[in-house]
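Residue numbers (the numbering used here): 450 to 949.
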């Protein structure tokens, strides 16, 4: 009896208009009819919507990658595509992936070309057709570039239109009645000397959102900066090297107002400074995050030479209301926190008891850690491929990392514990005599994150290796200073209580 082959169908389109049209259905129908005609059985179907086959990074094609992985797991016997360029337009990728199929003894069939590429003659034809597919893709790219150059030579724009502009009835850009008032407001505020951040806040307050290649998002100072220097609003088009040419569309911003905005912004940048703003590492650089919005905390020296800290999200025009302060305000709190750190004489027994109480042996700890790290990598892959949005990725990542931090980082080795205890016992002494860069290295050796809000350090999260010591210190301090409302709390694992 002849074995019935298990078939997998792969279909792909590379743009949204194809997804909404008939191309996917047509490919799938042709493939299913081919399978029925050969009396095979469809066991898997992979549909790739809006993905280009030109890229040589198959991670950007998650369905394709899953199909190749399933092929190596022998989930089917043959892959059916409607046309070779649905599989790949890159010759190297085509050959590499078909070599993988050959090693897995999985046959590849392209209906349009009418060839079984598992035979020696099929391999020869495959090389020729793959080269033609790549030639078509390369030639298509050249034709697109040629078309764009021709449009620019005729004074027509290419790509997406910027904020405040829309396509007119004849295809020529005109002012957008819905957003043009916001655009003019931005240039007016800039001409008055308002900063990019202040302008972003004003636009967001009026419910304006970015457009074009920025997407539909709240304004930030970086997007405002690009908008206020865009000569497209003066009826010009870029031709490269910072040069512009006259376009067919009319000006949407008065040239006098445009230049006034440029001059005011140049004046703001050239305001006299008494401090050299060369890059420098400060004690808490790179470890602080905003306790209100979660953005990174930035540092800079003011004109008097004092180091200020501020929320980057607020500075970019976000909704965060956390106020900045001086770095030494936080440094005094960190020093106080280190001064309160307690290492009891029986710390080793307490750490071992802590692990035994939760029933964790080193073997199952290692197994659990490997499982969680695998989950973390899969979540990263899904985000990289575009299968999950950033917000969902961050939530899942943080949840897994929290579980990882909850695992014991030490197997209870006495010498290792003694070294860590000695290090922690001398930490305050080292902090007081250290330079800014030395303090930064010291802090990074203690904490993964430090959350601040206004003038307060509100929480710290220790690195996993030191977490047992912080738990023990927490236990000791809660017994001696319970009820202190001003203490810093330690965010370790899922702990949500305030501790010193």
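We treat Cβ as the ideally placed atom computed from N, Cα and C, and that holds for glycine.
Neighbourhood of residue i by C-beta distance below 7 Å, restricted to the same chain and skipping five residues each side
| i | result |
| --- | --- |
| residue 629 | 613, 701 |
| residue 681 | 611 |
| residue 512 | 495, 496, 497 |
| residue 521 | 549, 553 |
| residue 685 | 693, 694, 695, 696 |
| residue 707 | 636, 682, 683 |
| residue 624 | 613, 614, 701 |
Beta-carbon proximity list for residue i, same chain, < 8 Å, skipping 5 on both sides
| i | result |
| --- | --- |
| residue 842 | 828, 829, 831, 832 |
| residue 764 | 646, 670, 747 |
| residue 891 | 876, 879, 880, 883 |
| residue 658 | 665, 666, 667, 668 |
| residue 606 | 600, 622, 681, 686, 696, 698 |
Coarse secondary structure for residue i, derived from DSSP in three states
| i | result |
| --- | --- |
| residue 480 | helix |
| residue 904 | coil |
| residue 471 | Residue confidence is low: residue 471 scores 47 on pLDDT, short of 50, so the model does not pin down where it sits. Its coordinate-derived value is still stated next. Coil at residue 471, not helix or strand. |
| residue 848 | helix |
| residue 493 | strand |
| residue 699 | coil |
| residue 498 | coil |
| residue 774 | strand |
| residue 627 | coil |
| residue 660 | coil |
| residue 600 | helix |
| residue 910 | strand |
| residue 452 | coil |
| residue 694 | strand |
| residue 616 | strand |
| residue 518 | helix |
| residue 897 | strand |
| residue 683 | helix |
| residue 507 | helix |
| residue 457 | strand |
| residue 551 | helix |
Residue i beta carbon near the ligand ZN (any heavy atom closer than 7 Å)
| i | result |
| --- | --- |
| residue 674 | As for the ligand ZN, it is missing from this structure, which has no ligand bound. |
Selection from the options that minimises the alpha carbon distance to residue i
| i | options | result |
| --- | --- | --- |
| residue 462 | 824, 651, 456, 472 | 472 |
| residue 757 | 561, 763, 747 | 747 |
| residue 524 | 696, 554, 546, 755 | 554 |
| residue 904 | 768, 824, 776, 822 | 776 |
| residue 922 | 839, 825, 786, 906 | 786 |
| residue 394 | 607, 834, 455 | Here the chain comprises residues numbered 450 to 949, so residue 394 is not present and cannot be evaluated. |
| residue 689 | 517, 791, 601 | 601 |
| residue 515 | 820, 656, 732, 457 | 457 |
| residue 676 | 654, 698, 656, 638 | 638 |
| residue 766 | 490, 673, 616 | 673 |
| residue 739 | 759, 751, 729, 733 | 759 |
| residue 826 | 850, 816, 478 | 850 |
| residue 704 | 641, 636, 752, 656 | 636 |
| residue 510 | 488, 489, 535 | 535 |
| residue 916 | 902, 894, 900, 906 | 894 |
| residue 782 | 733, 823, 715 | 733 |
Cβ neighbour criterion (16 or more within 10 Å) applied to residue i
| i | result |
| --- | --- |
| residue 743 | exposed |
| residue 620 | exposed |
| residue 735 | exposed |
| residue 559 | buried |
| residue 453 | exposed |
| residue 847 | exposed |
| residue 794 | exposed |
| residue 557 | buried |
| residue 649 | buried |
Nonlocal neighbours in the same chain, by C-beta distance under 6 Å from residue i, ignoring five residues either side
| i | result |
| --- | --- |
| residue 897 | 910, 912 |
| residue 762 | 742, 744, 769 |
| residue 790 | 922 |
| residue 526 | 454, 455 |
Hey, which unbroken runs of the alpha helix (DSSP H) at 4 residues or more fall wholly within the region 733-768?
761-764
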